[in-house]
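Everything in the sequence shown is counted per numbering that gives the first Met the number 0, starting at 0 for the first residue and increasing by one.
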Amino acid sequence: MPKEKFCLDHPQESLVGELDFSGNPMNERVVAAARLKGFSAIGRLKKNGYYALRCLSCFEIVRARHSVVLHCQPTCKSCLAGKHRNAAKAAGLQLLRRDPDNRQHAFFLAACGHVIRREFDLVQRTARGEAGVRCETCLAEEHRTTAEARGWDLIGPDTEDRINYRLYRHQSCGAEQSVAMANMQSGRFGCSTCGTAWPASRSALYVMQFELKGNVSAIKLGFSRDPQSRLTYQLLSGVETTGKLLRVVEMQTGATAIRTEKALHKRIATEMPDALLPQRLFQGQIRVRSELYYQAALPLINQLLDELEPAA
Ligand SMILES: [Zn+2]
Ligand SMILES: [Zn+2]
Ligand SMILES: [Zn+2]
Numbered sequence: 000m001p002k003e004k005f006c007l008d009h010p011q012e013s014l015v016g017e018l019d020f021s022g023n024p025m026n027e028r029v030v031a032a033a034r035l036k037g038f039s040a041i042g043r044l045k046k047n048g049y050y051a052l053r054c055l056s057c058f059e060i061v062r063a064r065h066s067v068v069l070h071c072q073p074t075c076k077s078c079l080a081g082k083h084r085n086a087a088k089a090a091g092l093q094l095l096r097r098d099p100d101n102r103q104h105a106f107f108l109a110a111c112g113h114v115i116r117r118e119f120d121l122v123q124r125t126a127r128g129e130a131g132v133r134c135e136t137c138l139a140e141e142h143r144t145t146a147e148a149r150g151w152d153l154i155g156p157d158t159e160d161r162i163n164y165r166l167y168r169h170q171s172c173g174a175e176q177s178v179a180m181a182n183m184q185s186g187r188f189g190c191s192t193c194g195t196a197w198p199a200s201r202s203a204l205y206v207m208q209f210e211l212k213g214n215v216s217a218i219k220l221g222f223s224r225d226p227q228s229r230l231t232y233q234l235l236s237g238v239e240t241t242g243k244l245l246r247v248v249e250m251q252t253g254a255t256a257i258r259t260e261k262a263l264h265k266r267i268a269t270e271m272p273d274a275l276l277p278q279r280l281f282q283g284q285i286r287v288r289s290e291l292y293y294q295a296a297l298p299l300i301n302q303l304l305d306e307l308e309p310a311a
């Protein structure tokens, strides 16, 4: 008797020849029910109550108990495998193999090249655009890089198993601390051991460079309590533009930062009246409304910041 084996790895595998037909006449109700459910009943099996059915979509032979044919929907595993393969494709994955330990799960090849294990249901929802499938290896790498940029090493899961938290080690003092991942991203937290945090009262001037469409480089001069966070989580959030932080000049207070920034824009307007980038060149590419300069303004901006740096 052939085993109830999933045909994914052998889609052409036919069970004909291995079927043990009883030769008894088929029940007409079963034949009619099978037809309504996409199968053609081809005979009764010696195993009591079992029928052999042919899937009308893919011609695979399927065995089903007569009660299943009458009252439920027999499944063609070959068609189901095709459905899973297509859903995976639509979700940007490649179905590799089923998980032998759990029939709801399978292994998929993600676009990044890592193999991930996911529930079919999640893959189907992703294919419909209702869910997302993120590679945990890449995600962990991203978290590690984010933490490193802030001077912390990612150690592992939160000690209290909170899903949005991770355990980190502060590079400068060695203390371990759980931090919400969102806070690690935005930098809105401090080390509870050495107390190092970005003081709320402090601020900084920054210079950023953006690569816009049409090969235009743009320079932004502004102020922020946390320039790196401003760049990543505000200016470039949800857009395709790339950008980098060129320079940060710390300011003692937010008020000094605002005052100095205003004065600098005024100086640039006087000394280089054509430096402002027209809005149409960056509209929709970066989440900012004003004060982007042509790349040509960078030497002047750097010079102005040099003049100020010793005092700041
Ligand atoms: Zn089928
Ligand atoms: Zn990956
Ligand atoms: Zn510390």
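Each residue gets a CB set at the ideal place from its N, CA and C atoms; glycine is no exception.
Output the boundary residues of the beta strand (DSSP E) element that contains residue i.
i, result
"E118", "114-118"
"M250", "241-250"
"G221", "215-223"
"M271", "Neither: M271 is in no beta strand (DSSP E) and is coded neither H nor E."
"A105", "104-108"
"A63", "60-64"
May I have the straight-line CA-CA distance separating residue i from residue j, to the nearest angstrom?
i, j, result
"H9", "L94", "The predicted position of H9 is uncertain, since its pLDDT is 36 and thus under 50; a value taken from the coordinates is nonetheless stated next. Roughly 14 Å between the two C-alpha positions."
"T241", "E159", "37 Å"
"E290", "Q282", "12 Å"
"A110", "S56", "30 Å"
"D19", "K46", "8 Å"
"R53", "R124", "30 Å"
"T136", "F106", "14 Å"
"L230", "E239", "13 Å"
"P73", "G42", "15 Å"
"E141", "L275", "35 Å"
"D305", "P277", "27 Å"
"L153", "Q184", "12 Å"
"L244", "A217", "12 Å"
"L121", "N85", "14 Å"
"F188", "S177", "11 Å"
"R96", "K36", "28 Å"
"L108", "A87", "9 Å"
"A310", "R161", "For A310, the predicted model reports a pLDDT of 49, less than 50, meaning its position is unreliable; a value from the coordinates is still stated below. Answer to the nearest angstrom: the Cα atoms are 45 Å apart."
"V15", "D98", "Its pLDDT being 47, under 50, V15 is placed unreliably in this model, and the coordinates cannot settle the point."
"S228", "N182", "10 Å"
"C172", "P156", "20 Å"
"V30", "C78", "20 Å"
"D273", "R266", "12 Å"
"E118", "G131", "12 Å"
"R115", "A174", "Per the sequence shown, residue 115 should be read as Ile rather than Arg. The alpha-carbon atoms of I115 and A174 are separated by roughly 33 Å."
"S191", "G150", "14 Å"
"L44", "C134", "46 Å"
"L280", "E210", "11 Å"
"R34", "A40", "7 Å"
"A268", "G186", "33 Å"
"I60", "H83", "19 Å"
Run through the DSSP bridge pairs and tell me what residue i is partnered with.
i, result
"A156", "The amino acid occupying residue 156 in the given sequence is Pro; Ala does not appear at that position. Paired residues: R165."
"S39", "R53"
"L275", "Y292"
"L44", "F20"
"L94", "F107"
Have a look at the options and flag the residue whose alpha-carbon is nearest the alpha-carbon of residue i.
i, options, result
"L24", "G48, K36, R34, F38", "Residue 24 is actually Pro in this sequence, not Leu. Ranking the options by Cα distance to P24, first place goes to G48."
"L235", "P272, R286, M207, C190", "R286"
"A271", "H83, A256, Y293, L280", "In the sequence on display, residue 271 carries Met and not Ala. Ranking H83, A256, Y293, L280 by Cα distance to M271 puts Y293 first."
"A180", "L244, K265, V215, L138", "As written in the sequence, residue 180 is Met, which differs from the Ala given in the question. The candidate whose alpha carbon is nearest that of M180 is L138."
"H339", "T252, I115, A296", "This structure does not reach residue 339, given that the chain is present from 0 up to 311, and the question cannot be answered."
"Q251", "L307, V29, V61, Q284", "L307"
"G128", "C172, A90, R117, E27", "A90"
"R246", "G150, P226, G253", "P226"
"A32", "S21, G131, Y50", "Y50"
"C71", "F58, F38, L211", "F38"
"T328", "S202, C190, Q284", "Within the shown structure, residues of the chain are numbered from 0 to 311, placing residue 328 beyond reach of any answer."
"K212", "V248, Y232, Q284", "Q284"
Check for me: the alpha helix (DSSP H) holding residue i runs from which residue to which?
i, result
"S171", "Segment: none, S171 is in no alpha helix (DSSP H) and carries neither H nor E."
"Q184", "180-185"
"S202", "Where S202 is concerned, there is no enclosing alpha helix (DSSP H), although the beta strand (DSSP E) it sits in stretches over 202-211."
"S77", "76-89"
"I300", "297-307"
"E141", "135-148"
Exercise for review: Spell out a yes or no on whether the region 253-262 and the region 211-229 are touching, meaning 3 or more CB-CB pairs, one atom from each, closer than 8 Å.
Suggested key: yes
Review point. Between the region 299-306 and the region 201-210, are three or more C-beta pairs nearer than 8 Å?
Key: yes
Check your understanding: Is the region 58-74 close to the region 98-112, with three or more CB pairs under 8 Å?
Key -> no
Review point. Using 8 Å as the threshold, is the region 140-154 in touch with the region 167-180, meaning 3 or more CB pairs across them?
Key: yes
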